[in-house]
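In case it helps, this note's numbering puts the sequence shown at residues 1426 to 1518.
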Amino acid sequence: MLTVETRVVAPPDVLIRELDGEAVLLNLVSESYFGLDEVGARMWQVLTTSESIETAHAQLLAEYEVEPERLRQDLLALVAQLADHGLVELHRD
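Below, the structure is given as structure tokens:
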């Protein structure tokens, strides 16, 4: 189950390419890919370098003017989509 305590990890078989703030993620095994706009790319960066989704949430709240619950929902939805495409691994430490 996905919770805010979950840690999001970029698998070694996923490549990310950034261009003009946007990003494309590619799973080399399944060949599935996913495009991210500027905000989505920033979410990816913070999610994959944070101890948990909650830690990423706190950092992004400091960067963007957004309602906390809206950001939490957006982060959880993005992580779920990326996990469905095999573009992130979820760790529950």
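We put the CB at the ideal spot given by N, CA and C, even for glycine.
Three-state class that DSSP yields for residue i in the structure shown
i              : result
valine 1471    : helix
arginine 1432  : strand
arginine 1495  : helix
histidine 1516 : strand
leucine 1444   : strand
leucine 1453   : coil
Proximity winner among the options, relative to residue i (alpha-carbon distances)
i               : options                            : result
valine 1464     : Tyr1458, Glu1488, Arg1442          : Glu1488
leucine 1515    : Glu1476, Asp1462, Gly1446, Asp1445 : Glu1476
glutamine 1484  : Val1471, Arg1432, Leu1501          : Val1471
tryptophan 1469 : Val1504, Arg1497, Asp1445          : Val1504
Range covered by the beta strand (DSSP E) that runs through residue i
i            : result
leucine 1461 : 1458-1461
Cβ shell of residue i (< 6 Å), same chain only, five flanking positions each side left out
i            : result
valine 1429  : Ile1478, Glu1479
leucine 1451 : Leu1440, Tyr1458
Length of the line joining the Cα atoms of residue i and residue j
i             : j              : result
alanine 1508  : alanine 1448   : 16 Å
arginine 1442 : alanine 1435   : 13 Å
valine 1433   : aspartate 1499 : 15 Å
Beta-carbon contacts of residue i that lie in its chain and below 8 Å, excluding the five residues immediately before and after
i              : result
valine 1454    : Asp1438, Gly1511
glutamine 1506 : Phe1459
histidine 1482 : Val1429, Pro1493, Leu1496, Arg1497, Leu1500
Neighbourhood of residue i by C-beta distance below 7 Å, restricted to the same chain and skipping five residues each side
i            : result
proline 1493 : Leu1486
leucine 1446 : Checking the displayed sequence, the identity of residue 1446 turns out to be glycine instead of leucine. So the list reads Glu1463, Ala1466, once near-sequence residues are dropped.
Proximity test, residue i beta-carbon vs the ligand FAD heavy atom, cut-off 7 Å
i              : result
aspartate 1509 : With respect to the ligand FAD, the structure offers nothing, as it holds no ligand at all.
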